[in-house]
Every structure is written in C-alpha cells, then in structure tokens.
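One structure is given here, and the rest of the page talks about it.
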Amino acid sequence: MTTGSTTLSPWLVRPPAAEPRARLFCFPFAGSGASAFSAWPADLDGVEVCPVQFPGRENRLGHPHYGSYEHLADELAEHLAPLLDRPFAFFAHCAGALPAYETV
769 MTTGSTTLSP
779 WLVRPPAAEP
789 RARLFCFPFA
799 GSGASAFSAW
809 PADLDGVEVC
819 PVQFPGRENR
829 LGHPHYGSYE
839 HLADELAEHL
849 APLLDRPFAF
859 FAHCAGALPA
869 YETV
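Next up, the structure:
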C-alpha cells in the first residue's frame with residue numbers, strides 16, 4: 769500500500785487518506801476488532817485515525833490466528849511501513865497495548 773492509495777490492507781479497515789498531517793493507529797482491546805473505533809471520526813484535525821484489524825476478528829474471521837505477538841507485530845509492521853512517511857502514534861486499549869508495543 770502506498771500513501772494516498774485506495775488499496776486497503778487487510779490490517780486496516782479504512783482506506784488511507786491522501787495527505788494527513790499525522791496518523792493515529794488504534795489497537796483494539798482483547799477479543800474486539802477495529803469496530804471498537806467505528807464511532808471515531810476518520811480525521812481528527814488533520815490526524816488520520818487508522819483502526820487496526822487483527823486476523824481472526826470481524827471481517828478477518830477466516831484468517832488464521834497470529835500465534836504470538838511477535839509474529840503479529842512482524843507481519844503488521846510490513847503493512848504499516850508504507851504509511852509511516854509522516855508523524856504517527858499508536859493508541860492501544862487494554863490488551864491491545866501488547867501488540868502495539870511489539871510493533872514499535
């Protein structure tokens with residue numbers, strides 16, 4: 769995926785914005801999916817909100833479980849790398865903090 773692309777990564781439920789000032793990647797709590805952030809706006813004063821969807825959750829129900837946080841983080845980092853071309857932050861709720869930490 770490239771910046772401004774309309775191609776969705778299976779890890780993100782919203783298409784990337786063309787020119788956000790920054791990106792906020794949101795990691796859901798244990799047992800939840802990206803829909804935990806569905807009420808959040810896609811943009812917060814120029815900051816793009818990017819809910820992360822883990823395998824085995826919601827629209828990725830058929831995808832195999834990641835097995836370990838290290839494996840999850842490695843795979844997720846590959847998909848996020850093209851979007852880290854500007855300032856970014858991770859927001860993690862509850863048990864979402866561990867995969868966020870491992871991804872950093």
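Everything in the sequence shown is counted per my numbering, starting at 769 for the first residue and increasing by one.
For each residue, glycine too, the CB sits at the ideal point set by N, CA and C.
ask   = So, helix, strand or coil for residue 770, using DSSP?
value = With a pLDDT of 40 at residue 770, under the threshold of 50, the predicted position of this residue should be treated as unreliable, and no value is reported.
ask   = Cβ of residue 787 within 7 Å of Cβ of residue 837?
value = no
task = Could you check what DSSP says for residue 852 in three-state terms: helix, strand or coil?
result = coil
ask   = Mind checking residue 819: buried by the 16 CB within 10 Å criterion, or exposed?
value = buried
ask   = Taking contact to mean at least 3 C-beta pairs separated by less than 8 Å, is the region 843 to 863 in contact with the region 790 to 802?
value = yes
Beta strand (DSSP E) runs contained entirely in the region 794 to 820, provided each spans 3 or more residues = 815 to 819
query = Can the beta-carbon of residue 743 be found closer than 7 Å to that of residue 782?
reply = Because residue 743 is not part of the residues shown, which for the chain are 769 to 872, the question remains open.
request  = Excluding the 5 residues preceding and the 5 following residue 862 in the sequence, name in chain order all residues of the same chain whose CB lies nearer than 7 Å to its CB.
outcome  = 797, 798
key: CB of residue 816 within 7 Å of CB of residue 841, strictly   = no
key: Under the three-state DSSP convention, the category residue 861 falls into   = coil
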